[in-house]
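Here is the structure we will look at.
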Amino acid sequence: MKKYKIAFKALSVLLLIMGSELQAQNIKIQSDQAGFSSDTIAKMLLDLPQYRIYYEYLHVQNPKAKPLMGRKGITLLLLGKERYNMHKDYTIFRSDSILDVGAKQNWPSGKALNMGLSMNREAISRDVVLTDRKQREFIMEVSVPLVARYTYKESAKDLKWQLVPGDSVVSGYKCKKATTTYRGRSYVAWYTEEIDMPYGPYKFIGLPGLVMKVGDTQRHHTFTFVGMTKATLTDLIYSNPRAFGGKREWIRKGIWNFHNEPVKALEGDGRSQLTPEEKKDLKKTPYNPIELE
């Protein structure tokens, strides 16, 4: 395996991260004086990462809006030394890290929660993708809003690439072109053989080089490489042991219901009864997931 040229575009990443922090809204949790401390994020350790790879993620939340308006953020891909990769929103990654630091340093719970909530509001995606390279499967961790955190597994073998003519330069790397169709969307990817890692953001793996850019043909979801560094000593690849197992179809349906039929979603389990005023206030919210099927 060739030695990798670590090219971290620090300025681009720093400006984007700072932009997210400046735009974050402060939600105060009035418990700084409470007699209990911050807790760590629940973790089941899977692997120790060797590299961090950063991607800019552009997501169009409302595909019916004219003109199309997208939100930008940073996602982080951790490449494990032995078996696993982990991809998640960088603001969620940093929020989890702050809670861990708060627990180790015995911060009051309100201090860590205030910082974490400010970051979480700016997250574009709360999905976590764990790639088991040995079993060739994805372990998904997703949230059904106001219900719970869920996890399910699916095969990584369903992603079929076509290598097609075409070349480009992305972030200074010479790239080749590939296409695929996955979960209701068609994608174009640009990968570089200069970094011989068959990985990429989200579930986009299996190409003969690192994915530098990948996006659907409607331009609703686009990931672009912005930098790469060695992992830190505190970085971990882990799953959430508190997530409930479930079937993909049921979980995705629950998320769809929350955005499109919020009253039905909240009252459907019989645990919530909404007043007429509350029902009136609940509106459909734009929902444009990366997976349509």
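The sequence shown lines up with residues -24 to -1, 1 to 269 when you count with mature numbering (1 follows the signal peptide of the UniProt record, and there is no 0).
Even for Gly, the Cβ is constructed at its ideal location relative to N, Cα and C.
Everything numeric in this text was worked out from a predicted model, so none of it was measured.
- Scanning its chain for C-beta atoms nearer than 6 Å, with the 5 sequence neighbours on each side dropped, one finds around residue 170 the residues 149, in chain order.
- Collapsing the DSSP output to three states places residue 202 in a strand.
- In the structure shown, residue 123 adopts coil according to DSSP, grouped into three states.
- Residue 61 and residue 209 have their alpha carbons spaced roughly 16 Å apart.
- The three-state reading of DSSP puts residue 69 in helix, counting H, G and I together.
- Look at residue 236 here: in three-state DSSP terms it is helix.
- In terms of Cα proximity to residue 145, the closest of 192, 101, 108, 201 is 201.
- The closest CA to that of residue 28, considering only 230, 115, 212, 226, is found on 212.
- In the structure shown, residue 228 adopts helical secondary structure according to DSSP, grouped into three states.
- The Cβ atoms of residue 101 and residue 65 lie closer than 8 Å to each other.
- Of the candidates 182, 173, 21, the residue whose Cα lies closest to the Cα of residue 154 is 182.
- A direct Cα-to-Cα measurement between residue 37 and residue 196 gives close to 8 Å.
- With a cutoff of 8 Å on beta-carbon distance, residue 129 and residue 117 are scored as not near each other.
- Closest in alpha carbon position to residue 136, among 184, 249, 253, 188, is 184.
- Residue pairing of residue 114 in beta bridges, as defined by DSSP: 107, 130.
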